[in-house]
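Under this note's numbering, the first residue of the sequence shown carries the number 2, and numbering increases by one thereafter.
Below is one structure, written out as structure tokens; the observations come after it.
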Amino acid sequence: MSAPLCSFAVSGHVFEWSGDKDAALSVPAANSAFTQISCGFSHTVALNENGGVEAWGANDQGQAAVPAVYESGVKAVAAGGFHSLVLLNNGLVKGFGENADGQLNPPKQAARKVVAVSAGLFHSLALDVNHNVYAWGYNGFGQGTVPSRLYQNVSAISAGAMHNLALTTWGSVDAWGDNSTGQLFIPEEATHDIVAIAAGYFHNLALTADGEVIAWGDNSYKQCKVPGDAKKNVIAIAAGEKYSMALRSDGKVVVWGNHGPDKIDAPKELEGRVVSMSIGGEDQIAYLVSSTTDLDQDGMVDWWEMSNGLSPDDDDKDSDSDGDGYTDYEEYLADSNPSDEFSHLSVSAGMDTDGQVVLFSPASSDRRYQLEYTTDISSGEWKPVPGKSSITVSGAETFGRIQVAANTDGFVLYRLRAQLP
Ligand SMILES: [Ca+2]
Ligand SMILES: [Ca+2]
Ligand SMILES: [Ca+2]
Ligand SMILES: [Ca+2]
Numbered sequence: 002m003s004a005p006l007c008s009f010a011v012s013g014h015v016f017e018w019s020g021d022k023d024a025a026l027s028v029p030a031a032n033s034a035f036t037q038i039s040c041g042f043s044h045t046v047a048l049n050e051n052g053g054v055e056a057w058g059a060n061d062q063g064q065a066a067v068p069a070v071y072e073s074g075v076k077a078v079a080a081g082g083f084h085s086l087v088l089l090n091n092g093l094v095k096g097f098g099e100n101a102d103g104q105l106n107p108p109k110q111a112a113r114k115v116v117a118v119s120a121g122l123f124h125s126l127a128l129d130v131n132h133n134v135y136a137w138g139y140n141g142f143g144q145g146t147v148p149s150r151l152y153q154n155v156s157a158i159s160a161g162a163m164h165n166l167a168l169t170t171w172g173s174v175d176a177w178g179d180n181s182t183g184q185l186f187i188p189e190e191a192t193h194d195i196v197a198i199a200a201g202y203f204h205n206l207a208l209t210a211d212g213e214v215i216a217w218g219d220n221s222y223k224q225c226k227v228p229g230d231a232k233k234n235v236i237a238i239a240a241g242e243k244y245s246m247a248l249r250s251d252g253k254v255v256v257w258g259n260h261g262p263d264k265i266d267a268p269k270e271l272e273g274r275v276v277s278m279s280i281g282g283e284d285q286i287a288y289l290v291s292s293t294t295d296l297d298q299d300g301m302v303d304w305w306e307m308s309n310g311l312s313p314d315d316d317d318k319d320s321d322s323d324g325d326g327y328t329d330y331e332e333y334l335a336d337s338n339p340s341d342e343f344s345h346l347s348v349s350a351g352m353d354t355d356g357q358v359v360l361f362s363p364a365s366s367d368r369r370y371q372l373e374y375t376t377d378i379s380s381g382e383w384k385p386v387p388g389k390s391s392i393t394v395s396g397a398e399t400f401g402r403i404q405v406a407a408n409t410d411g412f413v414l415y416r417l418r419a420q421l422p
């Protein structure tokens with residue numbers, strides 16, 4: 002529900018939990034590298050490295066049906082209850098999903114020069130380059146009416162379910178809208194030296210310059226009971242319906258709230274690898290895990306190891322987990338599946354109707370290959386196939402198809418080499 006509070010230079014891959022605490026949700030685009038994630042009530046919107054929007058989860062209002070026009074040119078996203086907001090590179094605000102309360106229709110003056118967006122259950126917020134806040138959509142609690150005291154005074158925004166938070170340019174928290182659980186009663190500690198804010202559904206978090214998390218509002222899930230290890234060294238915060246979270250400078254993620262049997266703890270294997278996180282409705286938590294972190298220094302980036310059932314804490318590069326003759330590290334280089342003996346780097350040949358040799362290589366993502374050939378294997382001389390010295394295979398295809406002219410002089414052997422990612 003919160004706007005991006007900190008910007009991270011690194012991108013990451015999404016690991017998401019929902020409902021069943023033991024099962025990471027299958028994120029459809031797990032292999033894309035993302036720079037931002039935002040959880041709505043039961044859907045997730047993410048911004049990929051190419052400035053394109055991807056979404057998954059509930060789609061009953063079209064909140065996860067990303068229009069093709071947002072495949073690029075986007076600089077921020079925000080997931081609301083049942084709608085999604087898109088901030089374009091040119092500063093315009095767009096959206097998709099539910100629009101029953103006009104949450105997708107920003108006022109004219111809010112549709113330009115916007116630098117941040119945030120979405121509530123049925124309303125939307127934008128912050129412009131002149132530090133002005135705009136709100137639109139459902140206004141049953143006054144959440145759609147921005148107080149005049151905030152004129153040109155806001156540096157960050159965060160929408161709750163039915164209320165909003167603003168961080169003023171002088172470091173205090175302001176709030177308006179629903180006050181049914183005391184969301185608007187700003188504690189004294191949150192009136193100065195605040196560097197980040199996160200509105201949960203009915204509670205709030207603020208981060209002090211000293212790295213301490215302050216919480217107030219609804220505490221029915223103990224989401225305001227800040228644990229000791231979130232009282233110092235915190236660098237980022239997130240709040241949802243039942244949970245609160247803090248990311249510490251030592252890489253530890255602290256989760257509190259929903260103390261019932263469904264409680265989701267911070268997954269141990271993500272420690273030291275999380276770059277940001279977002280919380281939605283109920284038990285939905287998404288983590289953005291670094292694209293580049295390799296804590297066990299085995300040459301395989303840890304998100305890839307976790308996605309493929311390998312241990313990110315043991316140097317297992319020389320293992321051959323599935324016994325297919327390729328080490329886990331070789332499978333990493335090829336982006337084949339190290340837990341599937343039928344998945345490994347290979348090249349197979351066929352002949353197409355006009356007599357050309359067609360080579361097939363396995364599907365993978367973000368990998369480049371070099372295709373080489375030899376007519377005399379005893380010489381050990383391999384030459385790049387002209388025009389095929391660097392082949393990028395897209396993960397969307399089942400097979401990369403590489404067409405080469407048939408050599409009628411004799412046998413030709415081809416080999417495919419994965420290039421370092
Ligand atoms: Ca590793
Ligand atoms: Ca490892
Ligand atoms: Ca293997
Ligand atoms: Ca394999």
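Each residue gets a CB set at the ideal place from its N, CA and C atoms; glycine is no exception.
Keep in mind that this is a model prediction, so the values were computed, not measured.
Proximity winner among the options, relative to residue i (alpha-carbon distances)
i: Gln153; options: Ala127, Gly138, Gly141, Phe123; result: Ala127
i: Glu342; options: Gly326, Gly356, Asp355, Tyr330; result: Gly326
i: Pro313; options: Glu283, Leu271, Asp319, Leu185; result: Leu271
i: Asp263; options: Lys243, Ile280, Gly145; result: Lys243
i: Asp303; options: Tyr330, Arg369, Leu208; result: Tyr330
i: Phe203; options: Asp323, Gly121, Ala157, Ala65; result: Gly121
i: Val75; options: Arg369, Gly96, Cys40, Ala197; result: Gly96
i: Gly241; options: Lys318, Ala160, His193; result: Ala160
i: Ala267; options: Ala167, Lys253, Gln371; result: Lys253
i: Gln104; options: Gly92, His84, Phe35, Gln62; result: His84
i: Ala1; options: Tyr288, Gly92, Asp353; result: The question about residue 1 has no answer, for the chain in this structure spans 2 to 422.
i: Met246; options: Gln285, Leu414, Ser308, Trp137; result: Gln285
i: Tyr333; options: Gly300, Leu360, Ser362; result: Gly300
i: Asn60; options: Asp319, Gly98, Val405, Val116; result: Gly98
i: Gln144; options: His164, Gly201, Pro385, Val115; result: His164
i: Leu208; options: Ile403, Phe35, Gly218, Ala197; result: Ala197
i: Gly141; options: Ala117, Ser149, Asp179; result: Asp179
i: Tyr370; options: Lys389, Asp355, Gln357; result: Lys389
i: Thr169; options: Val115, Met307, Ala157; result: Ala157
i: Ala191; options: Gly183, Ala216, Ala200; result: Ala216
i: Ser93; options: Lys233, Val116, Trp305, Leu166; result: At residue 93 the sequence reads Leu, which differs from the Ser that was named. Of Lys233, Val116, Trp305, Leu166, the residue nearest in Cα terms is Val116.
i: Thr429; options: Ala79, Ala406, Asn205; result: Since the first and last residues shown for the chain are 2 and 422, residue 429 lies out of range.
i: Tyr374; options: Arg418, Gln298, Pro363; result: Arg418
i: Gly138; options: Val174, Ile392, Gly82, Trp171; result: Gly82
i: Val78; options: Asp211, Pro108, Thr45, Asp297; result: Thr45
i: Asn100; options: Ser73, Val67, Val147, Gln62; result: Gln62
i: Asn91; options: Arg113, Lys109, Val70, Ser73; result: Arg113
i: Leu86; options: Ala69, Pro107, Ser73; result: Pro107
Span of the alpha helix (DSSP H) around residue i
i: Ser308; result: 303-308
Bounding residues of the beta strand (DSSP E) (the contiguous stretch that carries residue i)
i: Arg418; result: 414-420
i: Glu72; result: Per DSSP, Glu72 belongs to no beta strand (DSSP E) and is neither H nor E.
i: Gly96; result: 94-98
i: Thr36; result: 35-40
i: Leu248; result: 244-249
i: Tyr222; result: Premise fails: Tyr222 is in no beta strand (DSSP E) and is neither H nor E.
i: Ile265; result: Per DSSP, Ile265 belongs to no beta strand (DSSP E) and is neither H nor E.
i: Val256; result: 254-258
i: Thr45; result: 44-49
i: Leu89; result: 84-89
i: Thr209; result: 204-209
i: Ala199; result: 195-200
i: Val214; result: 214-218
i: Val54; result: 54-58
i: Ala240; result: 235-240
Residue-level contact to chain C via CB, residue i, 8 Å cutoff
i: Ala111; result: Protein chain content of the structure displayed is limited to a single chain, and chain C is not contained in it.
**Q.** Segments assigned beta strand (DSSP E), at least 3 residues, entirely inside the region 330-405
**A.** Runs of the beta strand (DSSP E) inside the region 330-405: 349-352, 358-363, 368-375, 392-394, 400-405.
TODO: Starting from the N-terminal end, write out each residue whose C-beta falls within a distance shorter than 6 Å of any non-hydrogen atom of ligand 1.
DONE: Here the list is Asp295, Asp297, Asp299, Met301, Asp303, Glu306, Pro313.
### Task
Give a yes or no on contact between the region 374-394 and the region 347-357, applying the rule of three or more CB pairs nearer than 8 Å.
At 8 Å Cβ cutoff, the stretches do not touch.
Pairs of beta-carbons, one from the region 48-64 and one from the region 131-141, closer than 8 Å: are there three or more?
Judged by pairs of C-beta atoms under 8 Å, the region 48-64 does not touch the region 131-141, as fewer than three such pairs exist.
- Task: With a floor of 3 residues, list each beta strand (DSSP E) that falls wholly inside the region 106-190, ordered by position along the chain.
- Result: With a minimum length of 3 residues, the continuous beta strand (DSSP E) runs that stay inside the region 106-190 are 115-120, 124-129, 134-138, 155-160, 164-169, 174-178.
Between the region 266-284 and the region 36-45, do three or more beta carbon pairs fall short of 8 Å? With a cut-off of 8 Å, the region 36-45 and the region 266-284 count as touching, because enough Cβ pairs lie within range.
Start-end ranges of the beta strand (DSSP E) lying completely within the region 279-304, minimum 3 residues = Here the runs fully enclosed are 286-291.
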